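Each remark here refers to the structure printed beneath this line.
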Amino acid sequence: MGSVPAWARVYVACVVAGALVCLTPVPDVHVPWWAVGLLAALYAGCEQLARCRLLGRHAPRGMGTFFPVLLAGAFLLPPAAAALVAVPGALLARVEQRPRGLRRVWRAARLGLAVWAASRVHWALAGRDAVAQPDFPDALVPVGAAVLVFCAVLTALDGGILALAERVPVRNAWRGLFLRSLAPVTVHGLAGLMMAVLWRSHYGPVAALLVLLPMHVSCWVFEQYHRERAAHQATIRALVQAVDIKDGYTRGHSERVGQASMMIACELGMDDARVEVLRFAGILHDVGKLGVPTRLLRKNGPLTPEERRVIELHPEYGHEMVRGIGFLGEARSAILHHHERLDGSGYPYGLTGTQIPECARVVAVADAFDAMTSTRCYRRARPVAAALEELERCAGTQFDPEMVEALVRALGRHGWRPAVTADGDDQRGNVPPQSEPLRAEAGS
Amino acid sequence: MRHPILVLVHGTAALVAVTGLARTLWQGLEEPGAALAFGLLVAVGELSRWRGTEGRESAPLGAAGALAYALFGVDGGAPTQHGTAQVVAVVVAAALAGCVPHVARGQGPTADHLARRVLTVAFAAVCFQPLCSRGALREWSGPAYVLLVVALLVLTVLCDAVLAAVLARSRTGWPLSPLLRDELRALLGIGSAVCATGVVMSLAVAVVGLWALPVFSLPLLLTQLSFRRYAGVRATYRQTIASLARATEIAGYTPAGHARRVAALSRAVGRELGLSGPELTVLEHAALMHDIGQLSLVDPVPAGATAVLPAEEQRRIALLGGAVVRQTGVDAEVAVVVERQADPYRDQPVSARIVRAVNAYEEKTRDAGPGGPLRALEELRLGTARDYQPEVVESLARVLLNQRGTAAAPWGA
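Quick note, the sequences are listed as chains A and B, same order.
In terms of numbering that gives the first Met the number 0, the first sequence is residues 0 to 443.
In terms of numbering that gives the first Met the number 0, the second sequence is residues 0 to 412.
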């Protein structure tokens, strides 16, 4: 992330220039400057508070307490003054990733422009009078328009930076951004309206401050949620590592099967929730090996039929272990059935064809693929092409041809770069790998 | 036989509710529009009630709506005419209506929840409504009025926290001060959001009329949603940790159900000793995972009984367990408890003392037959010079005695 493409710099410069143009009328505007100062200080304070509460570096995005303040400013002040409110807070906020200066300037300019546009629209629809002499539900119309514009400007600017700085393909850069941020920004807009109305009423700014408390609590809970979720994922990894303790040579196998299962699921066009479930199914597919005696797992040389039968119990042990984890859903049946074969010669139940759950067929292919392409103590790794050839040969008897084909297509498109996170990279274990793009506080 | 405090609280609440309803029926409804709007809000809030973390009932929207109605003094510039009785009547009716689906689905007792709601709202209304209707608040204009309302509300929720703690104590017999501490801590979280929304709603209705209610309940709804998601992920997390704990059982290192039993008993002892909510969570997680170090052994310990092993071996397994726990995302304190579970009790944190004593008790009673529990406790008492803390062992004895009264006798005959 150190180097920023030249085009991205030009883009940021253009946005900053646009924001400066919006701010030029500031010296001539007649506004109560104490209100501008108070709102700006409030916004900066909220920004600092939201950041310093974070214990991890994994900042949740977009649920800040700050949008209500900015939108209240947009509803109360002339456009130029409202844009000014966003600037100090955005410049002072802590930035985790380099280049810090550029990111700060970008955030300030982006928010300034969005607030200016929202305020402008609100002004044009005579929202100012609706706030001063509140007339509901008519006052909601300019607010709704302002929220839409605010969201649209943020989305447009974010998509641009994603395409230029993060090199996201242009056709994907804007996908889903607007709809994802609309709901939270609407709630923030209503809170902003509440602030503005109370600010102008005879109760004054004290009452307006109270509006921020629920938003702040909600933001705080959201952070707790993310921390707990990260801890939960680390616990899942710990389950996997417990298998590694017993069965040394498969180190990293589970993670890679998770990745391959995810690729197949994406290729089959499953929805995000199911893709995530399949990733967990892949990661946890061998968890039942915990129930197999360590001596058997580490045995060098051929197994007796007796020993083989004991090892073949591991899908059932695994199912028994994860039975109580509700969110795994169909991943549990994938764990139970990932050694079934299409022709019925697999175990534990010898199911055939479509009797085998779809997710189990996915995991079976991913498992076999990684087993072939990784080095085991008794043989060397095969190249990816040879492994795929072998999979295609067994498609129809052992594997589902649809899944094999999906894997071939996915590998053709993305290549195979297995991330080895289980090899002692335990820092990574607490945090799901995710790069934070420049649009760090896009409302999503 | 119900606890006298429980009877007293429920009786008072019922009396207040009936008085409020009767007076309102007698005098008729003032300002029916506002009453209907607030009643609807409370009912919707009650409908969306859910059982939060650690069994705490939460209906933030219902609470905020009820408090806002109690503090509702000015409607579009004119002072309101509804009195305390009407506030109570509307809230009771709405809360009862909102409770119907919960009762129909059989989701736990709601009597405590309703009693608290009624008493809290009655308290706020009694403090505020007489002042308001006599016009005593006319000099309090603008910001001063806001501060007065906030102060009143803070007082109200403090009373509510005390009431909740007392109710929980009389239901469970757990010590009062940690319960009160937990209630006050919860107040800082969603409690503050509820208060703020209550004040804002009562003020906003004064400025813009009843439209304020639907518009301004959205932010609290967002908070509520965040809390539910948080509770959801916590529940999932707990299930996963329990599965990790079962790993040793499936691997044949420890007997089935051992981790779960030790966790349940440890939690009960921790409660008895007055640990607070977060400390109990650490204790429970540590108790679930206390045997995880055995996964690193190539050959299982016979019957997974670590309490009879030499001290050095016990400590080695504990350290291995701590290493596994550190890789999970749980609190670092849990790893410390697991690591120190085999140390002499004077070197241990209190959670580790509890886990050690309860684990030893569980292992000693497992196959001991009818006289086992008494003999096990006796053995623990003999070990109180070095291994087990005397207070913990006595607390364990009290917990077991209580359980004998309620559940199937764990003492045997």
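The C-beta atom is built at its ideal place from N, Cα and C for all residues, glycine as well.
Bear in mind the structure is a predicted one, so any value in this text is a computation, not a measurement.
Does the separation of the CB atoms of residue i and residue j fall below 9 Å?
i	j	result
E254 of chain A	V239 of chain A	yes
R184 of chain B	G276 of chain B	yes
G323 of chain A	A110 of chain B	no
L220 of chain B	V193 of chain B	no
V198 of chain B	V120 of chain B	no
V114 of chain A	S260 of chain A	no
S47 of chain B	Q313 of chain B	no
R273 of chain A	E339 of chain A	no
V300 of chain B	L308 of chain B	yes
A107 of chain A	V86 of chain A	yes
Using a beta-carbon distance below 9 Å, is residue i in contact with chain A?
i	result
A246 of chain B	yes
Y68 of chain B	no
S191 of chain B	yes
S242 of chain B	yes
F127 of chain B	no
S47 of chain B	no
W139 of chain B	no
F71 of chain B	no
I316 of chain B	no
A334 of chain B	no
S295 of chain B	yes
W210 of chain B	yes
T23 of chain B	no
P142 of chain B	yes
A203 of chain B	yes
V145 of chain B	yes
Can a CB atom of chain B be found closer than 9 Å to the CB of residue i?
i	result
W219 of chain A	yes
K245 of chain A	yes
G290 of chain A	yes
A380 of chain A	no
S253 of chain A	no
F135 of chain A	yes
R56 of chain A	Any reading at R56 of chain A must be qualified, since the residue scores a pLDDT of 37, below 50, and its modelled position is unreliable; the value itself is stated next. Not an interface residue.
R236 of chain A	yes
L209 of chain A	yes
F326 of chain A	yes
G63 of chain A	Because G63 of chain A carries a pLDDT of 49, less than 50, the predicted location of this residue cannot be relied on, and the following value inherits that uncertainty. Chain B, which has no Cβ nearer than 9 Å to the Cβ of G63 of chain A, makes this no.
M262 of chain A	no
T420 of chain A	A caution first: T420 of chain A carries a pLDDT of 44, below 50, which makes its placement in the model unreliable, though a value can still be read off. So no, T420 of chain A is outside the interface.
For the alpha helix (DSSP H) holding residue i, just list the boundary residues, first then last.
i	result
P369 of chain B	P369 of chain B -> no alpha helix (DSSP H), and no H or E assigned at all.
H313 of chain A	313-321
T23 of chain A	No alpha helix (DSSP H) holds T23 of chain A; DSSP gives it neither H nor E.
H284 of chain B	276-287
A333 of chain A	330-336
E391 of chain A	383-393
V291 of chain A	No alpha helix (DSSP H) holds V291 of chain A; DSSP gives it neither H nor E.
G111 of chain A	99-123
Q240 of chain A	204-245
D111 of chain B	110-132
M194 of chain A	176-199
V156 of chain B	142-171
R255 of chain A	252-266
I282 of chain A	271-283
T11 of chain B	3-26
Y348 of chain A	Here Y348 of chain A belongs to no alpha helix (DSSP H), and DSSP marks it neither H nor E.
I160 of chain A	139-164
If you measure from the beta carbon of residue i to each beta carbon in chain D, is any gap under 9 Å?
i	result
Y346 of chain A	No chain D appears in this structure, whose protein chains are A and B.
> For the stretch 284-297 of chain B against the stretch 255-265 of chain B, are there 3 or more C-beta pairs whose distance is under 8 Å?
Replying inline: Touching, per the Cβ criterion.
> Of all the alpha helix (DSSP H) runs that stay within the bounds of the stretch 193-262 of chain B, which reach a length of 4 or more residues?
Replying inline: 211-215, 217-249, all fully within the stretch 193-262 of chain B.
>> Does the contact criterion of 3 or more C-beta pairs under 8 Å hold for the stretch 290-298 of chain A versus the stretch 312-324 of chain A?
In response: Of all C-beta pairs linking the stretch 290-298 of chain A to the stretch 312-324 of chain A, three or more are shorter than 8 Å, placing the two stretches in contact.
>> If contact is defined by three or more beta carbon pairs under 8 Å, each pair taking one atom from either stretch, is the stretch 130-149 of chain A in contact with the stretch 180-190 of chain A?
In response: At 8 Å Cβ cutoff, the stretches touch.
> For the stretch 251-267 of chain A against the stretch 211-230 of chain A, are there 3 or more C-beta pairs whose distance is under 8 Å?
Replying inline: Counting Cβ pairs under 8 Å, fewer than three are found: no touch.
>> Three Cβ pairs or more, each shorter than 8 Å: is that satisfied between the stretch 166-179 of chain A and the stretch 237-255 of chain B?
In response: By the Cβ criterion, the stretch 166-179 of chain A is not in contact with the stretch 237-255 of chain B, since fewer than three pairs of Cβ atoms, one from each stretch, lie closer than 8 Å.
> Residue ranges of each alpha helix (DSSP H) run of no fewer than 4 residues wholly in the stretch 303-384 of chain B, ordered along the chain?
Replying inline: Counting only runs of 4 or more, we get 310-326, 331-339, 349-364, 371-381.
> Counting pairs of Cβ atoms below 8 Å between the stretch 20-27 of chain B and the stretch 76-89 of chain B, do you hit three or more?
Replying inline: Verdict: yes, contact present.
>> Can you confirm whether the stretch 115-124 of chain A touches the stretch 69-87 of chain A when touching is taken to mean that 3 or more C-beta pairs between the two stretches lie within less than 8 Å?
In response: Counting C-beta pairs closer than 8 Å gives three or more between the stretch 69-87 of chain A and the stretch 115-124 of chain A, which meets the contact rule.
>> Pairs of beta-carbons, one from the stretch 383-392 of chain B and one from the stretch 343-359 of chain B, closer than 8 Å: are there three or more?
In response: The stretch 383-392 of chain B and the stretch 343-359 of chain B touch, with no fewer than 3 CB-CB distances between them shorter than 8 Å.
>> Pairs of beta-carbons, one from the stretch 32-52 of chain A and one from the stretch 5-20 of chain A, closer than 8 Å: are there three or more?
In response: Too few Cβ pairs lie closer than 8 Å, so no.
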